[in-house]
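Order-wise, the sequence lines are chains A, B, C, D and E.
The numbering of the first sequence is the numbering used here, which starts it at 219 and goes up by one.
The numbering of the second sequence is the numbering used here, which starts it at 201 and goes up by one.
The numbering of the third sequence is the numbering used here, which starts it at 364 and goes up by one.
The numbering of the fourth sequence is the numbering used here, which starts it at 59 and goes up by one.
The numbering of the fifth sequence is the numbering used here, which starts it at 1418 and goes up by one.
Glycine is no exception: its CB is placed at the ideal position from the N, C-alpha and C atoms.
Fair warning: this is a prediction, and the values are worked out from it, not measured in the lab.
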Amino acid sequence: MLYRENGQFKQTYRSDLQIFPVLQDRIALYVLLAVAFVAVPMLASDYFFRAVLIPFLILALAALGLNILVGYCGQISLGTGAFMAIGAYAAFNLQVRFDLPLLLSLIGGGLAATVFGVLFGIPSLRIRGLYLAVATLAAQFFTDWFTNRVKWVTNDSPSGSVSVGGLSFFGVAVETPAQKYLLCLAIVCVFALLAKNLVRGAIGRQWMAIRDMDVAAAVIGIRPVYAKLSAFAVSSFIVGVAGALWAFVHLGSWEPAAFSIDRSFQLLFMVIIGGLGSISGAFFGAAFMVLLPLLLNYVPHWLGLPLSTATASHLEHMIFGALIVFFLIVEPHGLARLWLTAREKLRLWPFPH
Amino acid sequence: QADQFVPLLVYRTGQFAPLGIPWADGKQDYLKLINARDGGVNGVKLTFEECETAYDAAKGVECYERLKDRGAAGFDTQSTGITFAVTDKAFADKKVVVTMGYGLSQSADGTVFEWNFPLLGSYWTAADSIVQDILKKEKGSLKGKKIALVYHDSPYGKEPILLLQKRAAKEGFELSLFPVTPPGVEQKSTWLQIRQQKPDYVLLWSAGVMTPAAVREAQATGYAREKIYAIWWAGSDHDVKDIGAGAKGYNAITIHNSAAKDKVHDDLKKFVYDKNQGTAGGGEVGSLAHTRGMMISMLQVEAIRAAQEKFGKGKVMTAEQVKWGMENLDLTADKLKALGFGEIMRPVKTSCSNHMGSDWARIVQWDGAKWNITSDWYQADKSLIDPLVKELSAKYAADKKITPRSCS
Amino acid sequence: MNASTMTETTALTSPTPTGRKIGEVILEVRNISLRFGGVKALTDISFDVREHEIRAIIGPNGAGKSSMLNCINGVYAPQEGAITFRGETFKHMNSRQVAEMGVARTFQNLALFKGMSVLDNIMTGRNLRMKTNIFLQALRWGPAEREEIAHREKVERIIDFLEIQPFRKTPVGRLPYGLQKRVDLGRALAMEPQVLLLDEPMAGMNVEEKQDMCRFILDVNDEFGTTVVLIEHDMGVVMDISDRVVVLDYGKKIGDGTPDAVRGNEDVIRAYLGTTH
Amino acid sequence: MTVQPSAERREFLDVNGIEVIYNHVILVLKGVSLRVDEGSIVALLGANGAGKTTTLRAVSNLLHAERGAVTKGSIALRGERIENLTPAELVDRGVIQVMEGRHCFAHLTIEENLMTGAYTRKDGRAAVEQTLEKVYAYFPRLKTRRTSQAAYTSGGEQQMCAIGRALMANPKMVLLDEPSMGLAPQIVEEVFEIVKDLNTKEGVTFLLAEQNTNMALRYADFGYILESGRVVMDGAASALRENEDVKEFYLGTGGEGRKSFRDVKSYKRRKRWLA
Amino acid sequence: MGFFLETLFGGLMAGMLYALVALGFVLIFKASGVFNFAQGAMVLFAALAMARFSEWLPKLLGFESLLLANVLALIAAIAVMAVLAWLIERLALRQLVGQEPIALLMATLGIAYFIDGAGQLLFGSATYKIDVGMPKDPMMVLEGTFEGGLLLSKEDLYAALISALLVICLTLFFQKTPTGRALRAVADDHQAAQSIGIPLSRIWVIVWTIGGIVALVAGIIWGSKLGVQFSISLVALKALPVVILGGLTSVPGAIVGGLIIGAGEKLSEIYIGPMLGGGIENWFAYVLALGFLLVRPQGLFGDKIIDRV
Ligand SMILES: Nc1ncnc2c1ncn2[C@@H]1O[C@H](COP(=O)(O)OP(=O)(O)OP(=O)(O)O)[C@@H](O)[C@H]1O
Ligand SMILES: Nc1ncnc2c1ncn2[C@@H]1O[C@H](COP(=O)(O)OP(=O)(O)OP(=O)(O)O)[C@@H](O)[C@H]1O
Ligand SMILES: [Mg+2]
Ligand SMILES: [Mg+2]
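Listed below in structure tokens is the structure:
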């Protein structure tokens, strides 16, 4: 009975246009942010930061970017890993060659990814659906090769693996896991807000229109070229920044395999499981993908089951696969939609309909 | 905590599982043996836990994070990629990373890479020893010869290039490079090129399925297997067993004698397998990868033992202390014999600045059914390798703003 | 413009076509031929549409009516012929240009944006008029927000007009067919077009709903002077509200004129109306 | 012409108080009951969104794919409960649905589309060929377009194709969802004539959801009117045709007879039968 | 010239091997509209089953004959694939009727995970052997015409023949039988197919079983080449550009696509690769496919993508 919007009338369109029009949601969000920014840094262990929270945040950011492309604009991409890699290596080069501060390196990485993304987005003007996946796969495999083969990309590192160290943000060292976490959290929050603004604004509607029915979109005056390429640009920018963060903050040193096609698949997973075309979906998806394997890994331990590592790992695969199918059956539109449905039920509670 | 914890990063699934499984089993078996036979190290029981990485760097990092606070023995990541990913972290966290026969070649320099131990050899020493064997076959001169490197297109596969280029300049042979994009299931174009260019030798830096694919393709294009030299990760039984006679003549380098039989194996049977405590199934015990796993655990145990000698017998060692043990390993031939590894490997002696401990290797050859030793031990050419190690570790130190410690 | 004022204005409107000022020719289609492989969808069609009039296109199934609209707004490129719109002649236009010139369109097989809410669907119709750049939109700052609100107000008026307020936030995919048709109309209206092309807007509606729909169309036509080109199979509707009718059959024009003239045309009766009407 | 449902006629389909919920939360049908006798034509009328399509989907068991479910009530075909049958099993029992919005197989040609309709037939090629000819005779337009991919045919052609495809199954009962939508007037007439024809000659039972109330009531024996997921009125077609409310809202001939669409004054507040 | 021809033939043969895997994708897509990302996992699963059964059965039943072992293992593996297909339909597809393609695509990724885990759990994750007597040594032809002769791999030739045979059968099946027609109908519109009484469940079990058998054939050929191990599932990545280039819905397209990709990537690696540092064939295959798509967005033989308003 607590969750009701009765009595919350909206006088202006401005108030109706808020991200969370329901008061309770807004309160919940503030509480969540407070917990994330204040309570978590005080309570969480190093392991939790490094193995759970930081990867979760960065992958959520990447998923957010990908969701703009796949979920909002309907262009399937299997090349997210490549866009991340471009972001990471560009940022790396900016850092080692020009000694740019972290923030500028990150943005530079994002911009490089944007250029790359737009380039590989051009085929989308002609190719659609699964066939487009091949263009993004071309980006993926090309980047795998490129980062491996072209020496200056890795600043002439003979093995091709590179590393960065001594991160600082506006003069503040980012060394401890908690600091890294806060950095990621801040960046993710900013991007989430910007992305939300985009998708609920005119450009977001253009993307969705292109996704849902491009002929009709053209008839009402939406330019497919602009809509698609802007989606590629925005998406790859965010993904590029996420790639740079993944490399700089999470891995520290990395080889091209860190951005392989597996990563691309993983992100696509997150987006779909989380919910296509939903900003919160990226977070749900990332949480699912980061936490579930860990949970599955720990459960036999907690239960004291004497499973061999291999058996446990195979079972983990099976359960993971089965859960994906299960969630798709329960709600093909992803966890975010499931959450909405649950909320809708809550709103009606205690009445079933 | 009264037990000494040994973290075990393993991959029993995925692309490289055929190598990872016996390797992981070997690591565990030896720890079990120590507990069963000796009751631990001077009475300190060894405990261990495996964490599955699937050869994935991100998962490897998670495993490292998960296990790093549990205990103090070294991390054998089993993967060059994971080693790259945890090296900085381990430096900051002060955790030992043991990479026997893989990892960063320059990390042999203990003044910069305080916490890394690429024991018994790196890809540089391996490449060097192979070239020495070829030199011997060619009666001392490689002038005008052609040598091809077919490699897994990843940092792992690229490691030997630098050394080979130096060697090529010195010996006057022509080095050609053939990257194979992982996983390397299809290598027809590579081997057609080899058929066309007819190099005198092919060095193979492959992993996983790339190895059998390469051997098959060599067979299909009629390249003599006798002219192929593989790195030790491509020279295990499972790599060639199923090809059988088709791989006859295939050479691989090894850091240990292929001798599957030593005292340690007898002990293992007696104390572990006969009690049904063994980890491995079937005929794995005695395979190269399994033995290599045991060697790694043995080195860990001996480092702990060495540390205990200094810091107190029967105590659980801290990471700092284990590192000291690693840096002060002195496994003489006699000691190895006593440990049951006398036939398997050569003496190892590490120091503060030398984290490799031994740079000897030899060649084995597949005769269609098993591996035979075909060469004596070679020691890598220090005059080539040491400057390279210095140069690259200095670069690393500069990049990371590390001041190399003094070892004198 | 909302429902209550609408009632008054409509009450004032005279029922006869003469109540509105029919102007000059605004759109002229000349000798259009369109083929798909062997199928001749349109053969040498010419007709014109005058400003402010309601022009109906009728004809049996597969006659080429929808194809005609597709040619006008640039979805299909006819092999022959030209289209003159407000004095400018085009052989082939792209959809965007057509939209910019003020032509809006609804579709026979609903072409709504399924994943979007009713509100968003109609808002897309305002797209051409929204000018703030992507950076301002991302920050949702000053001009971007003001613009969004201004257009939202316009759209809300259309929503009121079409009486779909309760479904504002419902994803259109879940709406029943008839309401989807209305949203489709709303999206076209949001473009504030000069010419509105309607492809069977009343299919799948019952009489009451058709009456509403007719009212909407007539009001738009009256109030804004919007020119309407209408395809419809319900003869009652066509005869009642259109000023002139074009009849197509197998891609050929077989009749053109006032409803009464067309109704009397032998060819039309044989090809289309049958005996009952 | 109209036949009252009566004791002599065997009950074919019995829908009893069904409730349908979409997506676990959207309650659409709130207890709909209806009965279709063997060999009759029953019309289901109602405004947009009343739940006609939903009712048909519930009967043909196509709700599942729309994430809907029957949560209450029962559906019986000749006394056999059918809620748990698959659509294919229903087709086997002779019940086939023509879906709203055509749903032709886009990449198949018109003829292939029609032939898929005969998938469940077991009476041999010749018989199928015969039916095919019959369908072509009903819809000559289809014959001329037989080799075109369905996606490239006009809206009306697709509608004919969808109806023809269902007829190819030689059904005992057809659930027709808005058959007249998008069809030219004389084709509409023809479609209803075909319905009548099949009904009288072959005894096929029809349950049709229709917006063209005029036509529907002319050909049907019995009618149900749905509003907001409830049956608000039922009765013999002839009786419904005479009902003042029906006349006003569904036939557009209330009061002083048929009014011009131009003269309709304003948007009517819909009168509801509901309490 | 001789070398060029050798490369070309080599590439074409490799292409046939890709086509064999690609065929599985096409089959399932054509018949259910699902892009089956689990195809690679199915190849692995089938190959594992084949390898392990041929090892276990002789021991279990106590016979020696390799031929008998292979035949029995083949039958057992087909049975296993049928059971798998049945399970997939039961537990996943059936529940997802009418969902958007992307949800189904995702489900197949989940299925891929499941099969990977289950396969390795049941059959082990080491390397196993399939020996169906494929000849491994090369054969030389036209030794008179070219110096050193032209090298051909007999193994590849056999594989190519098998692929061609499969393609002919499957093409006939799809175009000429009522079931084939029904399958194509299902791919277009699940709901409509259901509404006219096409039993989706049965159809899907059939299709996935055939898909499983195609995977088995691919698995046997690749497995006897590389040994059976997890990496086998990665050959699917080589098949992706092939399917896309040939057209997702065209069985012969898989072969033509395979030939083009195979020849294209080998020639590019050998003639362009050295200029760029080598190792380009992987991405080149995709770029090649992309190039063709820009001309024909539906692939060479794919059904035209329909958009009508
Ligand atoms: N898949 C669905 N998910 C959610 N709600 C749905 C779905 N399909 C229909 N509805 C809702 O169910 C109600 C009844 O819809 P239905 O399609 O049965 O109406 P109808 O009487 O056939 O209308 P029409 O004449 O417009 O076809 C509508 O309010 C609609 O919004
Ligand atoms: N894109 C296309 N490709 C091939 N043929 C087409 C295409 N579009 C339309 N046609 C054909 O052109 C003819 C005219 O189609 P159109 O859709 O214009 O008919 P219509 O008059 O709107 O009919 P209806 O009243 O049934 O909607 C039809 O025979 C149709 O099959
Ligand atoms: Mg039309
Ligand atoms: Mg309906």
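Apart from the 5 residues on each side of it in sequence, A351(A) sits with its Cβ closer than 6 Å to the Cβ of I294 and L296 in its chain, given in chain order.
Looking at the DSSP output, K549(B) bridges to D530(B).
Excluding sequence positions up to five before and after F291(B), its CB lies within less than 6 Å of the CB of W315, all in the same chain and listed in chain order. In the three-state DSSP reduction, D150(D) falls in the helix class (H, G or I). Residues of chain D with a Cβ closer than 8 Å to the Cβ of G1663(E) do not exist, since the nearest Cβ in that chain sits about 16 Å away. Residue-level contact check: Q217(D) does not touch chain E, since none of the beta carbons of chain E fall below 9 Å from its beta carbon. Under the three-state reduction of DSSP, T129(D) is assigned to strand. In this structure, Q471(C) has its beta carbon less than 8 Å from a heavy atom of ligand 3. Taking the CA atoms as reference points, F530(C) sits about 9 Å from L542(C). By DSSP's assignment, G620(C) forms a beta bridge with V608(C).
For the pair L539(B) and A580(B), the Cα-to-Cα distance works out to about 26 Å. Residues of chain B with a Cβ closer than 8 Å to the Cβ of P376(A) are, in chain order, K358, E359, I361, L362 and L592. By the 16-neighbour rule on beta-carbons within 10 angstroms, Y177(D) is buried. Ligand 4 approaches E236(D) closely enough that one of its heavy atoms is under 8 Å from the residue's Cβ.
For Y307(A), no chain B residue has a C-beta closer than 8 Å to its own C-beta; the minimum C-beta separation is roughly 14 Å.
Measuring C-alpha to C-alpha distances from E1517(E) to each of F1420(E), M1459(E) and D1606(E) identifies D1606(E) as the nearest.
DSSP places H352(B) in the strand class (E or B) of the three-state scheme.
Shortest Cα-Cα distance from V296(B) to any of Y356(B), G444(B) and G271(B) involves G271(B). DSSP places E374(B) within a strand segment (E or B) once states are collapsed to three. In the DSSP assignment, L71(D) falls outside any alpha helix (DSSP H) and within the unbroken beta strand (DSSP E) covering E69 to Y80.
Rounded to whole angstroms, I140(D) and W1625(E) show a C-alpha spacing of 28 Å.
Cα atoms of Y439(C) and N433(C): separation of roughly 5 Å, rounded to the nearest angstrom. Partner residues in a beta bridge of I1585(E), as assigned by DSSP, do not exist.
In this structure, the beta-carbon distance from G461(A) to F477(A) falls below 9 Å. Not a single CB atom of chain A sits nearer than 9 Å to the CB of N394(C). Sequence-distant Cβ neighbours of W566(B) in its own chain, meaning closer than 6 Å and more than five residues away, are V440, A447 and Y450. Taking 9 Å as the CB threshold, K477(C) lines the interface with chain A. Between M1467(E) and I1547(E), the C-beta spacing is below 9 Å. If the five residues before and after L233(B) are omitted, its C-beta is found closer than 7 Å to the C-beta atoms of D467, L468, F471 and V472, all from its own chain and listed in chain order. Boundaries of the beta strand (DSSP E) around S1570(E): L1567 to S1570. Listed by position along chain E, the residues whose Cβ is nearer than 8 Å to that of W363(A) are G1696, I1697, N1699 and W1700. Residue-level contact check: L546(A) does not touch chain D, since none of the beta carbons of chain D fall below 9 Å from its beta carbon. Between K1447(E) and V1668(E), the C-beta spacing is below 9 Å. Not a single C-beta of chain A is nearer than 9 Å to the C-beta of T277(B). Contact annotation: G347(A) and I1620(E) have beta-carbon atoms that are not nearer than 9 Å. For A501(C), the closest Cβ of chain A is nearer than 9 Å.
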